[in-house]
Amino acid sequence: MAVQVPRVTWQDSDGDGVREPHLMITEAAVDIIHFPVFLPPQSLTIYHRFYDPVGSGSAPAGATLFQLGADPGIAVWMASGKWQAFHYNGSSSVSSAATVVTTATDLVEHRITLAANGSIQLHQSIDGATEASGAASGALALAAAWSASKLQLGASTAGASHSSVLHRALLVARGTRSRDECREWLP
């Protein structure tokens, strides 16, 4: 069995003279990475911090930041020039879109909340500013399990629709968590 190691770059992205590690997942299929997630569908928060090298207005439609499961599952991808969060339960889906377009070099924080009633909401902060929240979706019954117990970072679980962002942090937590709570748990 072969293990693929993603490329890691070191840069001073924020200009403070300290070199930060970034996990750069490029357009190449070999740069997709996945993590096991054993939480069943329930109220949860997914926090994702990344640098956007091209901006959401320039990213290709369908570019996927991550996907947990498939159908049923949760995904964040590009649609209509903005990042959108989707929740699928096996027979239907709901979504919530970011309210602001990101630009090249923005430090983006996404906080995706899945409520106990199956509604999803995307909260987005750019360069540490106050969160702007997309409209919460309607309710959607939660499935008994995700279609796969993994979160795929950098592409859809089908291995398509790659995104090219500099990943800084990723957190999956039970319940609804604030941005500050998520930040406290991560470096």
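Sequential numbering from 495 applies to the sequence shown in this note's numbering. The C-beta atom is built at its ideal place from N, Cα and C for all residues, glycine as well.
Contact belief for residue i with residue j at Cβ below 8 Å, rounded distance in angstroms
{"i": "tyrosine 582", "j": "valine 659", "result": "Actually they are not in contact, since the Cβ atoms of tyrosine 582 and valine 659 sit about 22 Å apart, beyond 8 Å."}
{"i": "proline 535", "j": "alanine 639", "result": "7 Å"}
{"i": "serine 590", "j": "alanine 630", "result": "6 Å"}
Residue j beta carbon less than 8 Å from that of residue i
{"i": "arginine 671", "j": "serine 537", "result": "no"}
{"i": "methionine 572", "j": "proline 547", "result": "no"}
{"i": "glutamine 615", "j": "glycine 632", "result": "no"}
{"i": "leucine 664", "j": "histidine 528", "result": "no"}
{"i": "valine 588", "j": "lysine 576", "result": "no"}
{"i": "glycine 549", "j": "threonine 597", "result": "yes"}
{"i": "alanine 579", "j": "isoleucine 606", "result": "yes"}
Given residue i as reference, the closest of the options once Cα atoms are compared
{"i": "glycine 612", "options": "Val602, Val595, Thr624, Ser585", "result": "Ser585"}
{"i": "threonine 599", "options": "Glu678, His661, Trp679, Pro681", "result": "His661"}
{"i": "glycine 563", "options": "Lys644, Asp674, Arg543", "result": "Lys644"}
{"i": "alanine 635", "options": "Gly648, Leu608, Arg673, Cys676", "result": "Leu608"}
Touching or not, the region 616-629 and the region 556-569, by the rule of three or more beta carbon pairs under 8 Å? no
Would you list, in sequence order, the uninterrupted beta strand (DSSP E) runs of no fewer than 3 residues that lie entirely inside the region 603-676? 614-620, 644-647, 659-668
What ranges does the beta strand (DSSP E) occupy inside the region 573-601, keeping only unbroken runs of at least 3 residues that lie completely in it? 576-582, 587-591
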